[in-house]
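For reference, the structure discussed in these notes is given below.
2 protein chains.
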Amino acid sequence: MTLRDHARAAVRDEVARHAWRLFAQQGFEATTIDQIAEASGMSRRTFFRYFTGKDELVLSRLIESGDRIGDALRARPTDEPAWPALRAAFQHLVELQEEHADVARPLQLMLRDEPALRATQQERRALWTELLAPLVAQRLSARRRRRGPDTRAVAVTGSALACFDAAQVAWAENPGVPLAALLDEAMESVSA
Amino acid sequence: MTLRDHARAAVRDEVARHAWRLFAQQGFEATTIDQIAEASGMSRRTFFRYFTGKDELVLSRLIESGDRIGDALRARPTDEPAWPALRAAFQHLVELQEEHADVARPLQLMLRDEPALRATQQERRALWTELLAPLVAQRLSARRRRRGPDTRAVAVTGSALACFDAAQVAWAENPGVPLAALLDEAMESVSA
DNA sequence: CCCCGATTGGCACTTGGTGACACAGTGGGC
DNA sequence: GCCCACTGTGTCACCAAGTGCCAATCGGGG
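Sequence lines, in order, name chains A and B. Going by this note's numbering, the residue at position 152 of the first sequence is 152; the numbering climbs one at a time, nothing skipped. Counting the second sequence from 1 gives a position; this note's numbering is that position plus 1000.
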């Protein structure tokens, strides 16, 4: 069944390419699904068989980035504390963004400005946290003073993502300032 | 025009009351605007003149909570460092939640589970950050090593909110565990 | 009492999203 | 070669969220 999946992935890629072109031209909200479907040479109904909605076109990209962060975090030495390990895990993505700033910056601004993408942002947070928190948990002290549910991994992961977001927004708004420096300052200010 | 505003506020309260009753009975997504409008004795069209959408019924409550946090933060001694000041500022809300757990817990679970409320959650984050970050900024060291945009206040505020969210989710999922203790552990694990 | 402005309701329309059904290609077993 | 099941696709109908437009209505001041 790999053949079917391959074809499906190819169609998804093709649709995504047309969609992103339209988003860049007209913005996210102004682009209707009918336009995307027409540009992709398929019916509206068929579009919904490849994507759950317009959001997924954006979300699927963000999920990829999350997977990369996860991979990078797994590659760090197991005895490295959580905070510096997270900082290092972000580095791949940071460099990628700096390299393709012409694409990444408008994307960040779109994520910030389009109300229709707020739900997508929240889902990204949730997915990344779900993905990274277990990896972070391994780097926290096994000894706990308290009993009951352990909030530490989710809190640390969420905080790191908050720093990452803060740095990305500042970077998108201030061309010329390196993202790495913004992220360094953000993360140091929270946990020195 | 205070009279008009007063009447308007009264209507909004009334509509919100009916809406929350329906949300509790059927869930957020399953409740249609037509139902809310009918229960409130007004037309669909008029509902939209009082609220921008179903979301605002939820968001307006969350905004109130944000204002309270802001008030509490302003009331802290000005020389108190940001992190403990934020922890203390959350305390009012924490106690309120514990006190009305029968309402607060289902609400938290609704916020977590209803996909239609993800955008609302993200907006809440944005609004609270916008509100609190300037207050946090006053508690950060005025001396900075780096030049360029200052990401610290947003990063610290966002991290604190991430801890608060992590604690709230754990609290909603684990009845019997005090929210204050969960929040303490979350915030200590990020910045000890 | 009448007029003016604000509030309201009804209507039509766009968009997102879903379910039901029919149709075409494809590959396999007989 | 023929029938079969499976899959992908398109068409149609439908619902819910919003929004613009216009007519009706209600309430207070002259």
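For every residue, glycine included, the Cβ atom is placed at its ideal position computed from N, Cα and C.
Within 8 Å, strictly: CB atoms of residue i and residue j
| i | j | result |
| --- | --- | --- |
| A1082 of chain B | V1154 of chain B | no |
| F47 of chain A | A39 of chain A | no |
| A1085 of chain B | R1139 of chain B | yes |
| Q1097 of chain B | L1183 of chain B | no |
| G70 of chain A | D1165 of chain B | no |
| L117 of chain A | V169 of chain A | no |
| G1041 of chain B | L1127 of chain B | no |
| R44 of chain A | I33 of chain A | yes |
Closest Cα partner of residue i within the set the options
| i | options | result |
| --- | --- | --- |
| P1115 of chain B | B:F1048, B:W1020, B:F1028 | B:F1028 |
| R1068 of chain B | B:F1023, B:T1052, B:H1092, B:F1047 | B:H1092 |
| V1242 of chain B | A:S141, A:Q35, A:W20 | In the structure as shown, chain B begins at 1001 and stops at 1192. Residue 1242 of chain B is therefore absent and cannot be evaluated. |
| V103 of chain A | A:A24, A:M187, A:A192, A:A7 | A:A24 |
| T120 of chain A | A:L73, A:T52, A:D34 | A:T52 |
| R144 of chain A | B:R1145, B:A1170, B:L1127, B:E1188 | B:E1188 |
| V177 of chain A | B:A1167, B:P1149, B:V1156, B:G1176 | B:P1149 |
| R1106 of chain B | B:T1002, B:R1008, B:W1020 | The question names Arg, yet the displayed sequence has Pro at residue 1106 of chain B. Ranking B:T1002, B:R1008, B:W1020 by Cα distance to P1106 of chain B puts B:W1020 first. |
| M110 of chain A | A:R4, A:D13, A:Q26 | A:Q26 |
Straight-line gap, residue i to residue j (C-alpha atoms, nearest Å)
| i | j | result |
| --- | --- | --- |
| T1151 of chain B | E185 of chain A | 7 Å |
| D55 of chain A | E1080 of chain B | 42 Å |
| R61 of chain A | V11 of chain A | 15 Å |
| L1131 of chain B | H6 of chain A | 48 Å |
| T1078 of chain B | E1095 of chain B | 23 Å |
| Q122 of chain A | A162 of chain A | 12 Å |
| D113 of chain A | R146 of chain A | 41 Å |
| Q1108 of chain B | A1172 of chain B | 6 Å |
| A1192 of chain B | R1076 of chain B | 20 Å |
| N1174 of chain B | E1099 of chain B | 16 Å |
| L1022 of chain B | T1031 of chain B | 7 Å |
| A160 of chain A | T1129 of chain B | 15 Å |
| A72 of chain A | A133 of chain A | 14 Å |
| V156 of chain A | R125 of chain A | 13 Å |
| A1009 of chain B | I1063 of chain B | 15 Å |
| R49 of chain A | T2 of chain A | 18 Å |
| R1004 of chain B | A181 of chain A | 51 Å |
| V1015 of chain B | F1090 of chain B | 29 Å |
| H18 of chain A | A1167 of chain B | 42 Å |
| D13 of chain A | R74 of chain A | 28 Å |
| A101 of chain A | Q35 of chain A | 27 Å |
**Prompt:** Using Cβ-Cβ distances below 7 Å, what residues of the region 79 to 105 of chain A are close to chain B?
**Reply:** none
**Request:** Below 8 Å between beta carbons is the criterion; list the residues of the region 26 to 50 of chain A that meet it against any residue of chain B, in chain order.
**Result:** none
**Positions along the region 142 to 160 of chain A whose CB lies within less than 7 Å of some CB in chain B** = R146, G148, P149, T151, R152, V154, A155, V156, G158, S159
**Item:** Interface residues of the region 162 to 179 of chain A facing chain B [CB-CB below 8 Å]
**Value:** A162, C163, D165, A166, A167, V169, A170, E173, N174, V177
**Asked** Using Cβ-Cβ distances below 7 Å, what residues of the region 1118 to 1132 of chain B are close to chain A?
**Response** R1118, A1119, Q1121, Q1122, E1123
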